[in-house]
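A.B. asks: Below are the structure tokens for one structure; questions will follow.
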Amino acid sequence: MVELNKVHLKRTKRVLAGHLWVFSNEIYESPKVYVPGSIVELFDRTDAFLGIGYINPASLISVRILSRERVTIDREFIKKRLRAALDLRARLFGDQEAVRLVYSEGDYLPGLVVDRYGGCAVLQFLTQGIENLRDVIIELIDEMLNPRVIVLKNESRSRTLEGLSLYREVVKGSLDALPLVREDGLLFEVDPLGGQKTGFFLDQKENRRSLKRYVGGGRGLDLFCYTGAWTMHLASSGVEMKGVDQSERAVRQAIKNAELNSLQGRAVFIEEDVFSFLRREVSEGEKKYDCVVLDPPAFVKSAAKLKEAVRAYRELNGHCMRLVRPGGVLASSSCSYHLDRETFLDMLRAAAKDAGRDARLLSLRSQDADHPVLLAMPETEYLKCAFLLVD
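Its first residue numbered 0, the sequence shown is counted upward by one per residue in numbering that gives the first Met the number 0.
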């Protein structure tokens, strides 16, 4: 085995508990002496071996751990990790067309995300260490999945924090025809290159499915609707839906998805800023919706922005509660990790008070099972989704 560079930790409690990150202020050596993305061995102050990972001196998260054992990080290692992730999805989801196949730390492959949309595989390399393994990973995904198309969607903010450039690329096949996937009998066209994230929000699959049991028809509102996934589920169960998003591209795709499912009669879409739309609706003073879905983007990009983000979430949720008819349902989500569950619930309590409404929590939910949460890493659980009965 090739001798690797060593990194010694000042503190080991979190790592010994199963966490996969080591921050720059937790290591004795200067991170600047290491090659970005290179493989290193971790030791404590007594020189006891702790694990193996990759290091990046440009990142606040200096080391991401790949294994607790002394192994060689090579093609065979990556293949075993990918096989374990694929086998788990096969057990949980069968041959489901739209699924996250690899969820970074949740699958012990920090920095790698792989989504499948039918015959299209979308890969995200979020860190320098994974970027260095780019060719091996692409080759293995092609070998193990044999997808018609492989897309690299490497435009995440986390790459910037790693000192990496942003790019997107089709490395196999063509996207002349966009992937069509089926979710609970509903058809969705996915745009991996031009859409947000990898083209679809897979983490809310089970929540979209579950909300229908709490809603019994009437009128519904889907805010930050993107390409209309929540809208399609509710419209298919008889709700007259209105979706709102400021992205012209997303609204155009949502309209097409409604047509694909012959739901254009029960699903209309508006291109408008959601804050402006809500303020106008509230000014009319009418409780007009039986169901409101609020699924905004991540407002909290860092812990320093938390207070500012909570104010925005509170305003949005307060407006939504004002618009819900007594006995109606608000499905409110946050995908910001820095907004933890208790802060999220506190925000909802404050929003209900602002709106002068009582609210009962029917269900507090998280991300779907293809985004497994590593218990030792709270950072791997980011999604909060509350189903509220608004009285």
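Ideal Cβ positions, reconstructed from N, Cα and C, are used throughout, including at glycine. In this text the structure is predicted, and so the values were computed from the model without any measurement.
In chain order, what residues of the same chain have a beta carbon less than 6 Å from the beta carbon of Glu239, not counting five sequence neighbours either side?
C.D. replies: Indexing the sequence shown from 1 puts residue 239 at position 240. Result list for Glu239: Arg218 and Arg265, in chain order.
A.B. asks: Tell me whether Gln123 sits in a helix, a strand or coil according to DSSP, three-state version.
C.D. replies: Here the question's residue 123 lines up with position 124 in the sequence shown. Here Gln123 sits in strand by DSSP.
A.B. asks: From which residue to which residue does the beta strand (DSSP E) around Cys384 run?
C.D. replies: For this step, residue 384 is matched to residue 385 along the sequence shown. Unbroken beta strand (DSSP E) run through Cys384: Lys383 to Val389.
A.B. asks: Going by CA-CA distance only, name the one from Glu285, Ala350, Leu382 and Val214 that's closest to Ser333.
C.D. replies: Translated into positions along the sequence shown, residue 333 becomes position 334. That would be Leu382, whose Cα lies nearest to the Cα of Ser333.
A.B. asks: By how many angstroms is the C-alpha of Gln195 removed from the C-alpha of Met0?
C.D. replies: Walking along the sequence shown from the start, residue 0 turns up at place 1. Walking along the sequence shown from the start, residue 195 turns up at place 196. Interpretation of Met0 is limited by its pLDDT of 47, a score under 50 that renders its predicted location unreliable; no figure is taken from the coordinates.
A.B. asks: Would DSSP call Gly17 helix, strand or coil?
C.D. replies: Here residue 17 refers to the residue found at position 18 of the sequence shown. Reduced to three states, the DSSP call for Gly17 is coil.
A.B. asks: What residue does the beta strand (DSSP E) around His7 start on, and which one ends it?
C.D. replies: The residue given as residue 7 occupies position 8 in the sequence shown. Its beta strand (DSSP E) spans residues Asn4 to His7.
A.B. asks: Taking 6 Å as the limit between beta carbons, can you name the residues of its chain near Leu91, skipping five residues before and five after?
C.D. replies: By one-based count along the sequence shown, residue 91 stands at place 92. Closer than 6 Å at Cβ, skipping near neighbours: Ala368.
A.B. asks: Report the option in Val112, Lys306 and Gly317 whose CA atom is closest to the CA atom of Ile136.
C.D. replies: As a working mapping, residue 136 is identified with position 137 in the sequence shown. Nearest C-alpha to Ile136: Val112.
A.B. asks: With distances taken between CB atoms, is the gap from Pro109 to Arg63 smaller than 8 Å?
C.D. replies: Here residue 109 corresponds to residue number 110 of the sequence shown, with the count starting at 1. Here residue 63 corresponds to residue number 64 of the sequence shown, with the count starting at 1. Against a cut-off of 8 Å, the Cβ pair of Arg63 and Pro109 comes out as a contact.
A.B. asks: To the nearest angstrom, how far is the alpha carbon of Arg10 from that of Ala120?
C.D. replies: Within the sequence shown, numbered from 1, the residue matching residue 10 stands at position 11. Within the sequence shown, numbered from 1, the residue matching residue 120 stands at position 121. Roughly 39 Å between the two C-alpha positions.
A.B. asks: Can you check whether the CB of Ala97 is closer than 8 Å to the CB of Phe223?
C.D. replies: To locate residue 223, count along the sequence shown from 1; it is residue 224. To locate residue 97, count along the sequence shown from 1; it is residue 98. Contact flag unset, no.
A.B. asks: Kindly indicate which three-state DSSP category Phe22 falls into: helix, strand or coil?
C.D. replies: By one-based count along the sequence shown, residue 22 stands at place 23. Reduced to three states, the DSSP call for Phe22 is strand.
A.B. asks: Among residues of its own chain, excluding the 5 on either side of Val214, which ones have a beta-carbon nearer than 8 Å to its beta-carbon?
C.D. replies: In the sequence shown, the residue the question calls residue 214 occupies position 215. So the qualifying residues of the chain are Leu233, Ser236, Val238, Asp289, Cys290 and Val328.
A.B. asks: Comparing alpha-carbon positions, which option in Asn256, Arg212 and Arg313 lies nearest Leu186?
C.D. replies: In the sequence shown, counting from the first residue as 1, residue 186 sits at position 187. Nearest option by C-alpha distance: Asn256.
A.B. asks: Kindly list the residues whose CB is nearer than 6 Å to the CB of Arg324, restricted to its own chain and excluding five residues on each side of it in sequence; keep chain order.
C.D. replies: As a first step, residue 324 must be located in the sequence shown, where it is residue number 325. For Arg324, where only same-chain residues beyond five positions count, the Cβ hits under 6 Å are Lys286 and Asp289.
A.B. asks: Do the segment 138 to 151 and the segment 36 to 45 meet, that is, are 3 or more Cβ pairs less than 8 Å apart?
C.D. replies: Touching, no.
A.B. asks: Among Leu163, Leu100 and Asp357, which has the Cα closest to the Cα of Gly117?
C.D. replies: Indexing the sequence shown from 1 puts residue 117 at position 118. If we check each option's Cα against that of Gly117, Leu100 comes out closest.
A.B. asks: Would you mind giving the Cβ-Cβ distance between Leu347 and Leu305, rounded to the nearest angstrom? I have them listed as a contact below 8 Å.
C.D. replies: Position 348 of the sequence shown, counted from the start, is the residue given in the question as residue 347. Position 306 of the sequence shown, counted from the start, is the residue given in the question as residue 305. Actually they are not in contact, since the Cβ atoms of Leu347 and Leu305 sit about 16 Å apart, beyond 8 Å.
A.B. asks: Only counting the same chain, and skipping five residues up and downstream in sequence, which positions put a Cβ closer than 6 Å to that of Phe343?
C.D. replies: Taking the sequence shown and counting its residues from 1, the one referred to as residue 343 is at position 344. Cβ within range, chain order: Ser333 and Lys383.
A.B. asks: For Thr226, count the other beta carbons within 10 Å of its own beta carbon; 16 or more makes it buried, fewer makes it exposed. Which is it?
C.D. replies: Here residue 226 refers to the residue found at position 227 when the sequence shown is read from its first residue. Buried.
A.B. asks: Alpha carbon to alpha carbon, what distance is there between Val292 and Arg340?
C.D. replies: As a working note, residue 340 is residue 341 in the sequence shown. As a working note, residue 292 is residue 293 in the sequence shown. Computed Cα separation, rounded: 18 Å.
A.B. asks: What separation, rounded to the nearest whole angstrom, lies between the Cα atoms of Asp390 and Ala354?
C.D. replies: The residue labelled residue 390 in the question sits at position 391 within the sequence shown. The residue labelled residue 354 in the question sits at position 355 within the sequence shown. The straight-line gap from Cα to Cα measures roughly 11 Å.
A.B. asks: Can you tell me the Cα-Cα spacing of Leu3 and Ser335, whole angstroms?
C.D. replies: As a working note, residue 3 is residue 4 in the sequence shown. As a working note, residue 335 is residue 336 in the sequence shown. Computed Cα separation, rounded: 36 Å.
A.B. asks: Quick one: using the 10 Å Cβ neighbour count with 16 as the cut-off for buried, is Asn24 buried or exposed?
C.D. replies: By one-based count along the sequence shown, residue 24 stands at place 25. Exposed, by the Cβ-count rule.
A.B. asks: Taking only three categories from DSSP, how would you classify Thr307?
C.D. replies: Taking the first residue of the sequence shown as position 1, residue 307 is located at position 308. Sequence inspection shows Glu at residue 307; the Thr mentioned does not correspond to that position. Glu307: helix per DSSP, three-state reduction.
A.B. asks: With DSSP collapsed to three states, give me the class of Leu179.
C.D. replies: Counting from 1 along the sequence shown, the entry for residue 179 is found at position 180. Strand at Leu179.
A.B. asks: Buried or exposed: which applies to Arg69, given that a residue is buried once 16 or more other Cβ atoms fall within 10 Å of its Cβ?
C.D. replies: Within the sequence shown, numbered from 1, the residue matching residue 69 stands at position 70. Per the 10 Å Cβ criterion, exposed.
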